[in-house]
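Going letter by letter, the sequence shown gives residues 705 to 877 in our numbering.
Even for Gly, the Cβ is constructed at its ideal location relative to N, Cα and C.
Let me begin by presenting the structure, written as structure tokens, before commenting on it.
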Amino acid sequence: RLQEELAKLEVEVNKEKTKVVNLKEKETFSFLGFDFREKITKQGKWRVQITPKMKTRTTLLQKLKEVFRSYKSQPIGKVIQIINPILRGWTNYFRIGNSGRSFKYIKQWVEKKARRNLMQARKAKGFGWKRWSSKWIYETLGLYSDYRIRYYVPKALPAQYAINFGKESTRKA
Numbered sequence: 705r706l707q708e709e710l711a712k713l714e715v716e717v718n719k720e721k722t723k724v725v726n727l728k729e730k731e732t733f734s735f736l737g738f739d740f741r742e743k744i745t746k747q748g749k750w751r752v753q754i755t756p757k758m759k760t761r762t763t764l765l766q767k768l769k770e771v772f773r774s775y776k777s778q779p780i781g782k783v784i785q786i787i788n789p790i791l792r793g794w795t796n797y798f799r800i801g802n803s804g805r806s807f808k809y810i811k812q813w814v815e816k817k818a819r820r821n822l823m824q825a826r827k828a829k830g831f832g833w834k835r836w837s838s839k840w841i842y843e844t845l846g847l848y849s850d851y852r853i854r855y856y857v858p859k860a861l862p863a864q865y866a867i868n869f870g871k872e873s874t875r876k877a
């Protein structure tokens, strides 16, 4: 059936590259940097879980590590100016789906590297947890901090709710 629909659209499928996956049988597949798998929610319903691939996360961390290594002698402000666009682009791409754990890991990793960079500039040991708060790193230094996930929000309320918004229900119970 899929072949017929694609033929109507004049689209050809490469059979060597195409893979049919049944998520109900615990199979997963990767596409455009995301891993797709099926998980049970807390309510007992099956939903598709979309997470960033581990390979994309490690590639990002290697890129950031190289920036920190290359600009070790530079002020932290310059390093942050370089890594902020990288972080913003990566998080905006992976903002959909179930990316919270990856975002948390990356945020903590980058914060730790920034602290370490500050401590190395002062030729001190440790990571500077007592010296600089997270709030100071994000507000004063301007480190990228918008790791929110995009959730579906309806553009408008259904009509029955919009009509009775702010009023008591006229229905009899």
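Check, Outcome
"Quick one: what's got a C-beta closer than 7 Å to R820's C-beta in the same chain, skipping five residues either side?", "F831"
"According to the Cβ coordinates, are Y797 and I786 closer than 9 Å?", "no"
"Using CA atoms only, rank isn't needed, just tell me which of G804, W833 and G846 is closest to T755.", "G804"
"What number of angstroms, rounded off, separates the C-alpha of I790 from the C-alpha of L764?", "8 Å"
"Considering only residues of the same chain and omitting the five flanking positions on each side of I780, which have a CB-CB separation below 8 Å?", "A818, N821, L822, A825 and L845"
"Taking the DSSP output, what are the residues bridged to E742?", "V752"
"Hey, quick one: how far does the beta strand (DSSP E) through F735 stretch, first residue to last?", "F733 to F735"
"Please report the straight-line C-alpha distance between T795 and F733, rounded to a whole angstrom.", "21 Å"
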